[in-house]
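Residue numbers (UniProt numbering): 1 to 228. Written out below as structure tokens is the structure these notes cover.
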């Protein structure tokens, strides 16, 4: 009994420490409250937050290796959030707790290798740009349930395949850019969940696509494709 109790206490202690270690370290962001306003410094500790409506928040050239649940906790209006060159290697599900609709979420120049299921869950955003990272693995459900999403940019990564399961319950995605990756084929119904009520734009150039299934573009209406 005492042994079991000791194990329980030790396990709980490890979990607590793990959660503590995953909090956002002390950072300084660059904040523009309006399109034409002067930049100001924003001190960030514990989680990324705002104290007022703003236009653009840039976090760059510092150390932010992990984003865990609610690491980004923004309840005020924000149009652009950019996380650039911070050594970001891991994003956990529900890392982005942003109540208003975000215009653009841009994550670039980081050692990020994967996008997991639930990473963008609950996020209301029009455009996601994860270009210029090292992404090679994307969970089939990584882009599920984002009805506001219209544009996805994944260029300059190491992506090897496109999944027909992307964009379930995200019916408004009309533009997808995956240039300069490692695609070699396009499967059947590759883009079946993309927008049906407007022309779809696909950017697939600078890959090594040799095999395109006869039904790769099945069920799509007007489409503009640029490939290698």
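Where a beta carbon is used, it is the ideal one built from N, C-alpha and C, also for glycine. Predicted, not measured: the structure shown is a model, and the values here were computed from it.
DSSP state of residue i, grouped into three classes?
i, result
"residue 200", "strand"
"residue 127", "strand"
"residue 115", "strand"
"residue 23", "coil"
"residue 99", "coil"
"residue 139", "coil"
"residue 107", "strand"
"residue 44", "strand"
"residue 35", "coil"
"residue 90", "strand"
"residue 162", "coil"
"residue 72", "strand"
"residue 173", "coil"
"residue 183", "coil"
"residue 29", "strand"
"residue 209", "coil"
"residue 223", "strand"
"residue 67", "strand"
"residue 218", "coil"
From the options, pick the residue whose C-alpha is nearest to that of residue i; which is it?
i, options, result
"residue 206", "114, 107, 185, 88", "185"
"residue 189", "141, 212, 30", "212"
"residue 81", "23, 148, 208, 128", "128"
"residue 155", "163, 133, 142, 138", "133"
"residue 210", "220, 161, 222", "161"
"residue 121", "144, 41, 29", "144"
"residue 95", "73, 110, 78, 88", "73"
"residue 114", "100, 98, 92, 101", "92"
"residue 147", "124, 165, 140", "124"
"residue 163", "103, 178, 150", "178"
"residue 79", "23, 119, 33, 116", "33"
"residue 208", "180, 215, 220, 201", "180"
"residue 171", "193, 99, 202, 29", "193"
By a C-beta neighbour count over all protein chains shown, 10 Å radius and 16 as the cutoff for buried, is residue i buried or exposed?
i, result
"residue 169", "exposed"
"residue 44", "buried"
"residue 226", "exposed"
"residue 198", "exposed"
"residue 35", "exposed"
"residue 37", "exposed"
"residue 223", "exposed"
"residue 46", "exposed"
"residue 137", "exposed"
"residue 167", "buried"
"residue 26", "exposed"
Which residues mark the beginning and the end of the beta strand (DSSP E) in which residue i is found?
i, result
"residue 83", "80-84"
"residue 59", "56-60"
"residue 151", "151-153"
"residue 50", "Where residue 50 is concerned, there is no enclosing beta strand (DSSP E), given that its DSSP letter is neither H nor E."
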